[in-house]
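> Dropping the structure in here first, questions after.
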Amino acid sequence: MRLSRKIPARGLSALALAAMLGAWTPVAQAAEVPASGQIVHTYGVFNHGFRALTIAARYAVTPDGYAVRSTIRSGGLLGLLVHMNVTSQATGRFVPDGVQPLTYDSAGYSRGEDRHVVLDYSGGQTHIALQTPPEPSRDPIPATDLAPAMDSLSALMRLQQTVRAHHQCDGSATVFDGARLLRMDAHTVGMQDMASDSHQPYQGPALRCDFSDMQIAGFRKSDGPGSAARKPVNGSVWFQDVPGDGLTIVRIAFDHPKLGHLTVMLLPDAA
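Numbers -30 to -1, 1 to 241, taken from mature numbering (1 follows the signal peptide of the UniProt record, and there is no 0), label the letters of the sequence shown in order.
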């Protein structure tokens, strides 16, 4: 018997701030990325002092494009109540005004079911190529609203490149996660010392960016005017210069609508 509690994906786009540093898998349409260029990280997601989720993460970048893959798994004491095991991967090209996604595929167990979403970016617009199971309990998203959206990994790869190139993170993006359409915004706060935490292996000054994501379409038919789905998820992310990797996300803090305050931390290689 599997004891499970549904984790709403509302707020998981914040986890994708760490998940964007995901694992690289070659895809024919992506820019060719040498294996030697891969960067691998592990992130822990902590709730009330306990590790609730682990993000296995790796990515690779060339001057022309990126390839990203991440796996989010539940674990620890909360794993008895919350079950999640999702692998997402994205590829794309860098263009003058940001990124051009090429592929996105996300599959695994989430929100009480095995799910699989594939996005198609042919013609420069976003389309749903595969969505299983379907979500008839949600309001349909008009094609014109979906067209400019990108997956969260591509949006956050753009954020990382902006931080590395300009040491700032101001910007916004329309993001589609396979069910919900979100607007993500980020702005630069500046350099500051990170708060001390017993789980935090990285200390000292870091570039802080604050972010929010707001669902704008794809609501469940039961989501009334005061529902959590219609409220923004706010948080902060800190970047430090990790030797050999460059400016990298080392800490994220945000409030999840169901699980409360979550902290995502980059862990040592042996963690």
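Heads up, the beta-carbon is just placed ideally off N, CA and C, and yes, glycines get one too.
Quick caveat, the model's predicted, so the values are computed rather than measured.
Applying the criterion that 16 or more other CB atoms from any shown protein chain within 10 Å of the CB defines a buried residue, is LEU100 buried or exposed?
Taking the sequence shown and counting its residues from 1, one reaches residue 100 at position 130. Exposed, since its Cβ has fewer than 16 Cβ neighbours within 10 Å.
> State the Cα-Cα distance for the pair SER58 and THR41, rounded to the nearest angstrom.
Working through the sequence shown from its first residue, we reach residue 58 at position 88. Working through the sequence shown from its first residue, we reach residue 41 at position 71. Computed Cα separation, rounded: 6 Å.
> Between ARG221 and HIS86, what straight-line distance do the alpha-carbon atoms span, to the nearest angstrom?
The residue you call residue 221 lines up with position 251 of the sequence shown. The residue you call residue 86 lines up with position 116 of the sequence shown. Rounded to the nearest angstrom, the two C-alpha atoms are 28 Å apart.
> On the three-state DSSP scale, how would you describe GLU2?
Position 32 of the sequence shown, counted from the first residue, corresponds to residue 2. Note that GLU2 scores a pLDDT of 40, beneath 50, so its modelled location is shaky; the value from the coordinates is reported in the next line. Annotated three-state conformation of GLU2 is coil, per DSSP.
> Is ASP75 helix, strand or coil by DSSP?
Here residue 75 refers to the residue found at position 105 of the sequence shown. Strand, per DSSP.
> Tell me whether the beta-carbon of ALA135 lies closer than 8 Å to the beta-carbon of MET154.
Against the sequence shown, residue 135 aligns to sequence position 165. Against the sequence shown, residue 154 aligns to sequence position 184. Taking 8 Å as the Cβ cut-off, ALA135 and MET154 do not qualify as a contacting pair.
> Give me the residue from THR12, HIS18 and TYR29 with the minimum Cα distance to THR233.
Here the question's residue 233 lines up with position 263 in the sequence shown. Checked all of THR12, HIS18 and TYR29; the closest Cα to THR233 is HIS18.
> Would you mind sorting PRO103 into buried or exposed? The rule is 16 or more other CB atoms within 10 Å of its CB.
Taking the sequence shown and counting its residues from 1, the one referred to as residue 103 is at position 133. Label assigned to PRO103: exposed.
> DSSP three-state label for SER124, please.
Start at 1 with the first residue of the sequence shown, and residue 124 comes out as number 154. Helix.
> Taking C-alpha atoms, which residue in GLY205, VAL207 and ILE186 lies nearest to SER197?
Start at 1 with the first residue of the sequence shown, and residue 197 comes out as number 227. Per the Cα distances, ILE186.
> Thinking C-beta only, is ALA156 closer than 8 Å to PHE189?
Residue numbering aside, residue 189 sits at position 219 when the sequence shown is read from its first letter. Residue numbering aside, residue 156 sits at position 186 when the sequence shown is read from its first letter. Contact flag unset, no.
> Compute the Euclidean distance between the alpha carbons of HIS231 and PHE224, then round it to the nearest angstrom.
Here the question's residue 231 lines up with position 261 in the sequence shown. Here the question's residue 224 lines up with position 254 in the sequence shown. The straight-line gap from Cα to Cα measures roughly 6 Å.
> According to DSSP, is ARG200 part of a helix, a strand, or is it coil?
Within the sequence shown, residue 200 is the residue found at index 230, counting from 1. Looking at ARG200 - three-state DSSP - the assignment turns out to be helix.
> Can you pull the DSSP bridge partners for CYS179?
The residue you call residue 179 lines up with position 209 of the sequence shown. Beta-bridge pairing links CYS179 to THR158 and VAL207.
> When the Cα atoms are used, what is the spatial distance from ALA77 to ARG39?
Residue mapping note: residue 77 aligns to position 107 of the sequence shown, counting from 1. Residue mapping note: residue 39 aligns to position 69 of the sequence shown, counting from 1. The alpha-carbon atoms of ALA77 and ARG39 are separated by roughly 11 Å.
> Cα separation between ASP109 and LYS201?
Sequence index remark: in the sequence shown, residue 109 carries index 139 (1-based). Sequence index remark: in the sequence shown, residue 201 carries index 231 (1-based). Going by the C-alpha atoms only, they are around 17 Å apart.
> If you scan the region 87 to 134 from start to end, which runs of the alpha helix (DSSP H) of 4 or more residues do you find wholly inside it?
113 to 116
> By Cβ distance below 7 Å, which residues in the same chain neighbour GLY148 in space, the five residues on each side in sequence not counted?
Numbered from its first residue, the sequence shown carries residue 148 at position 178. In the same chain as GLY148, and ignoring 5 residues on each side of it, the C-beta atoms closer than 7 Å to its own belong to SER76, VAL87 and GLN101, in chain order.
> Measuring only from the beta carbon, is GLY141 closer than 7 Å to any heavy atom that is part of the ligand GDP?
The model on display carries no ligand, and the ligand GDP is accordingly not part of it.
> Which same chain residues, not among the five before or five after LEU217, have their C-beta less than 6 Å away from its C-beta?
Residue mapping note: residue 217 aligns to position 247 of the sequence shown, counting from 1. The residues are VAL133, ARG134, PHE209 and ASP211.
> Excluding the five sequence neighbours on either side, which residues of its own chain have a C-beta within less than 6 Å of the C-beta of VAL10, listed in chain order?
As a first step, residue 10 must be located in the sequence shown, where it is residue number 40. Same-chain partners within the cutoff: ARG28.
> If HIS137 and LEU72 are in contact, beta carbons under 8 Å, what's the gap, nearest whole angstrom?
The sequence position of residue 137 within the sequence shown is 167, counting from 1. The sequence position of residue 72 within the sequence shown is 102, counting from 1. That belief does not hold up - the Cβ atoms of HIS137 and LEU72 are roughly 28 Å apart, past 8 Å.
> Across which residues does DSSP place VAL65 in a beta bridge pair?
Taking the first residue of the sequence shown as 1, we reach residue 65 at position 95. According to DSSP, which records beta bridges pairwise, VAL65 is partnered with GLY68.
> If I follow the unbroken beta strand (DSSP E) through ALA143, where does it start and stop?
Walking along the sequence shown from the start, residue 143 turns up at place 173. It spans 141 to 146 - the beta strand (DSSP E) in which ALA143 sits, taken as one unbroken run.
> Let's see if you can read the secondary structure: which residues bound the beta strand (DSSP E) around ALA223?
As a position in the sequence shown, residue 223 is number 253, starting the count at 1. Here the beta strand (DSSP E) through ALA223 covers 216 to 226.
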